[in-house]
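J.: Pasting a structure below so you can have a look.
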Amino acid sequence: MKKKFLILVAFNFLLLTGFAQENLVPNGNFEEKTDCPGAFTDIVSWYSPAIGSPDYMNECQIYNQYHSVPSNVFGYQEALSGVGYVHFSVFQTTYEYREYIQVELTDTLIAEKTYKIKMYASIGDSSKYLVSHIGMYFSNTAFYENYNTALPYEPQFENPVENPLNKTDWTLIQGSYIAQGGEKFITIGNFREDSKTDTVFVGGVKNYVSVFLEDVSVELDTTVGISEKLKDESEKLRVYPNPSTGNIIIENTAEDEFSIEIFNSLGQKVYNKDYKASKSANLHLDLNNGVYYCKLHSKSGTEEVKKLIINKF
Numbered sequence: 002m003k004k005k006f007l008i009l010v011a012f013n014f015l016l017l018t019g020f021a022q023e024n025l026v027p028n029g030n031f032e033e034k035t036d037c038p039g040a041f042t043d044i045v046s047w048y049s050p051a052i053g054s055p056d057y058m059n060e061c062q063i064y065n066q067y068h069s070v071p072s073n074v075f076g077y078q079e080a081l082s083g084v085g086y087v088h089f090s091v092f093q094t095t096y097e098y099r100e101y102i103q104v105e106l107t108d109t110l111i112a113e114k115t116y117k118i119k120m121y122a123s124i125g126d127s128s129k130y131l132v133s134h135i136g137m138y139f140s141n142t143a144f145y146e147n148y149n150t151a152l153p154y155e156p157q158f159e160n161p162v163e164n165p166l167n168k169t170d171w172t173l174i175q176g177s178y179i180a181q182g183g184e185k186f187i188t189i190g191n192f193r194e195d196s197k198t199d200t201v202f203v204g205g206v207k208n209y210v211s212v213f214l215e216d217v218s219v220e221l222d223t224t225v226g227i228s229e230k231l232k233d234e235s236e237k238l239r240v241y242p243n244p245s246t247g248n249i250i251i252e253n254t255a256e257d258e259f260s261i262e263i264f265n266s267l268g269q270k271v272y273n274k275d276y277k278a279s280k281s282a283n284l285h286l287d288l289n290n291g292v293y294y295c296k297l298h299s300k301s302g303t304e305e306v307k308k309l310i311i312n313k314f
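If you count the sequence shown from 1, you need to add 1 to reach the working numbering.
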């Protein structure tokens, strides 16, 4: 009994605390600076990997409208957190022009580990078009390209087309990346050539598309590393189909009483029910798309944790 209690405590501890991981992006909220900005070089840790010149914006700057917050030459946008953010150009109508930002991560990525990517973006009010192709390129080394057109690299992550940016709000861009191992730098921008860049005309005074960027993070995804079996010598319990739309079957080969608890990726319990002796149970779960964890416990002592993916298409 004591052993089972310790296992349960360890599992709950992982669920409740294991997800608070370190952000590997230094100065990801763009608050640290060496001086009130008059150039992009005034920001700590970040730099430009090409000729194109991005901009650092901060509320402390009240004279230079190329670096001020919330009102500047590119539009009006309050900082999402703190008082600073960055700006870069992702498209121009007259000729191909790009700006990028690059930073060295605080630690090297580990092969076959999954990392969560998050950042927030908004389009400047002065832009005539919307462009949502914001990509993140992971590399083992830093680089500098002596031109200002699209970089010849394919980002491992790009904002999906069904998540368009807008001029009003900060749009959350998020996804995941399975590391090859050795990656130490990230570069952010539009890596597509003009012919492959989708634009939406929205009206504005400038021929370029300005993007404000805030709160960039790359974190180890600990949900992938949670053991899917706490006690699994005989695998008495099965969960299928998986992935599922929400209608799942719990198969209990031990044929005794069992209980089911389901947790979301934040460790919050979203389902809990006890079942009498039965070979199986049919669950109709009204859950959002995402990754969940089923804790299954039978009266005979079998305890397992199964990862469940809900995908309603």
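Glycine included, every Cβ here is placed at the ideal spot set by N, Cα and C.
Computed from a predicted model, the values in this text were never measured in an experiment.
For residue 275, report the span of its beta strand (DSSP E) as first-last.
T.: Taking the first residue of the sequence shown as position 1, residue 275 is located at position 274. Run containing residue 275: 270 to 276, per the beta strand (DSSP E) assignment.
J.: Measuring only the C-alpha atoms, how far is residue 263 from residue 292?
T.: For the purposes of this step, residue 263 is taken as residue 262 along the sequence shown, with counting starting at 1. For the purposes of this step, residue 292 is taken as residue 291 along the sequence shown, with counting starting at 1. Computed Cα separation, rounded: 10 angstroms.
J.: Less than 8 angstroms between C-beta atoms, sequence neighbours within five positions excluded: which residues of the same chain meet that for residue 159?
T.: Position 158 of the sequence shown, counting from 1, holds the residue named residue 159. The residues are 134, 135, 136, 137 and 192.
J.: Only counting the same chain, and skipping five residues up and downstream in sequence, which positions put a Cβ closer than 6 angstroms to that of residue 24?
T.: Here the question's residue 24 lines up with position 23 in the sequence shown. Taken in chain order, the residues that qualify are 218 and 220.
J.: Using the three-state DSSP reduction, which class does residue 150 fall into: helix, strand or coil?
T.: Position 149 of the sequence shown, counted from the first residue, corresponds to residue 150. Note: residue 150 maps to coil in three-state DSSP.
J.: Helix, strand or coil: which one does DSSP assign to residue 245?
T.: Against the sequence shown, residue 245 aligns to sequence position 244. DSSP, reduced to helix, strand and coil, places residue 245 within a strand of the structure shown.
J.: Assuming residue 212 contacts residue 91 (C-beta within less than 8 angstroms), just tell me the rounded distance between them.
T.: As a position in the sequence shown, residue 212 is number 211, starting the count at 1. As a position in the sequence shown, residue 91 is number 90, starting the count at 1. Yes, they are in contact, since the Cβ atoms of residue 212 and residue 91 sit about 5 angstroms apart, within 8 angstroms.
J.: Where does residue 75 sit, in a helix, a strand or coil, going by DSSP?
T.: In the sequence shown, the residue the question calls residue 75 occupies position 74. In the three-state scheme derived from DSSP, where H, G and I count as helix and E and B as strand, residue 75 is classed as coil.
J.: Look up residue 301 in the DSSP assignment and say whether it is helix, strand or coil.
T.: Sequence index remark: in the sequence shown, residue 301 carries index 300 (1-based). In the structure shown, residue 301 sits in coil (DSSP, three-state: anything other than H, G, I, E or B).
J.: If you count every other CB in all the chains shown that lies within 10 Å of the CB of residue 45, and 16 or more means buried, which is it?
T.: Taking the sequence shown and counting its residues from 1, the one referred to as residue 45 is at position 44. Its Cβ having fewer than 16 others within 10 Å, residue 45 is exposed.
J.: Does the structure place the stretch 104 to 115 close enough to the stretch 57 to 64 that three or more beta carbon pairs sit under 8 angstroms?
T.: Pairwise C-beta distances place the stretch 57 to 64 out of contact with the stretch 104 to 115, as fewer than three of them are shorter than 8 angstroms.
J.: For a quick check, are the C-beta atoms of residue 75 and residue 125 less than 8 angstroms apart?
T.: Translated into positions along the sequence shown, residue 75 becomes position 74. Translated into positions along the sequence shown, residue 125 becomes position 124. Cβ atoms of residue 75 and residue 125: closer than 8 angstroms.
J.: Which same chain residues, not among the five before or five after residue 248, have their C-beta less than 6 angstroms away from its C-beta?
T.: Numbered from 1 along the sequence shown, position 247 holds the residue referred to as residue 248. 285, listed in sequence order.
J.: Closest by CA to residue 1, which one among 94, 78, 295 and 196?
T.: A query on residue 1 cannot be resolved here, the shown segment of the chain reaching from 2 to 314 and no further.
J.: Using beta-carbon positions only, say whether residue 311 and residue 290 come within less than 8 angstroms of one another.
T.: Walking along the sequence shown from the start, residue 311 turns up at place 310. Walking along the sequence shown from the start, residue 290 turns up at place 289. Contact flag set, yes.
J.: Using the Cα positions of residue 169 and residue 161, report the straight-line distance between them to the nearest angstrom.
T.: Position 168 of the sequence shown holds residue 169. Position 160 of the sequence shown holds residue 161. C-alpha separation (whole angstroms): 19 angstroms.
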